Amino acid sequence: ITVAPTANTTYTVTATNASGCTATANRAVTVNTLPTPNVTGTNTICNGQSTTLTAAGGVSYLWSSGQNTAVITVAPTANTTYTVTATNANGCTATANRAITVNALPTPAITGTNVICNGQSTTLSATGGTSYIWSNGQTITPITVFPTANTTYTLTATNAAGCTATASRTVTV
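According to my numbering, the stretch in the sequence shown is residues 349 to 521, in order.
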C-alpha cells in the first residue's frame, strides 16, 4: 500500500498463510515537519539596481537562480520571481517565492539654445520625468540661466515610480 500520513502513524498488517494461521507486523511511519521558508527583501527596484533577498526557515537553501546561500543579491532587468527551496534538519523541503518588480528609468532630455554670447541668457527645458532637479539647485522647468563661461547643466529626472536618470547640456558662451 502507499500511504501519506500527516501525523506519526503506526500501520499494522495481518498476514494469513495457506494453513489459515495469522500473524501481525507493525510499521511506524514518522512524519517530519516541513520547513516554513520565507523570503524578505526589497521587491520593487529601478532598472539597473540590485536588491538583496534573504531566505529563512531552513538550514540550507537552493534558489531558482542557482545560488545556495541564505542571502543573495540579484539585479534583474525585467520583472522576475525568485524561488527558494529550503531544507530543514530532517531533510524535508518546502519553497517560498519573491516577485521582484523592475520599474523603467525615466528618459530625460534637455532642450534649449546651447550657444550664447557673453551677457545673454538661455532657457533650458526638461522632459522625460515627473519631477526634476538641476545641478544649479532649481527644481522647475524651464529654467533661465546666465552663464558667464562654458557651463554644463545636469538634470536629474524622477518618474512616477521614483526612478531617476540624468541628462546634461553644455551651454557655450
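Glycine included, each C-beta is placed from N, C-alpha and C at the ideal position.
These figures come from a predicted structure and were not determined experimentally.
Nearest candidate by alpha-carbon position, reference residue i, set the options
i      : options                        : result
ASN356 : ALA366, GLY368, ARG375, THR370 : ARG375
ASN436 : GLY389, ALA403, ILE481         : ALA403
ALA352 : ASN380, TRP411, THR364, THR459 : ASN380
ASN386 : LEU401, PHE494, ALA513         : LEU401
ALA373 : ASN438, THR362, GLY485         : THR362
ALA497 : VAL521, ARG517, THR475         : VAL521
PRO456 : THR506, LEU382, GLY368         : THR506
Burial state of residue i (16 or more Cβ within 10 Å)
i      : result
THR470 : buried
ILE458 : buried
ILE393 : buried
ILE488 : exposed
GLY477 : buried
ILE349 : exposed
VAL463 : exposed
VAL519 : buried
Residues near residue i in its chain [Cβ-Cβ closer than 7 Å; skip 5 each side]
i      : result
THR417 : TYR409
beta-carbon residue i near the ligand MN non-hydrogen atom, thresh 7 Å
i      : result
TRP411 : The ligand content of the structure shown is nil, which means the ligand MN is not present either.
Contacts around residue i, its chain only, beta-carbon distance under 6 Å, and the 5 residues preceding and following it disregarded
i      : result
THR421 : SER398, THR400
THR504 : ILE481, THR512, THR514
VAL377 : PRO353, THR357
THR500 : SER516, THR518
Beta-carbon proximity list for residue i, same chain, < 8 Å, skipping 5 on both sides
i      : result
CYS511 : CYS394, ASN395, ASN451, ALA452, LEU453, PRO454
GLY389 : THR399, THR400, LEU401, THR402, ARG446
Rounded C-alpha distance that separates residue i from residue j
i      : j      : result
ASN427 : GLY405 : 25 Å
GLY485 : PRO424 : 32 Å
THR429 : THR370 : 57 Å
TYR359 : THR384 : 28 Å
THR431 : SER413 : 8 Å
ILE491 : SER473 : 7 Å
ALA447 : TRP411 : 13 Å
ARG517 : ALA509 : 25 Å
THR475 : VAL493 : 17 Å
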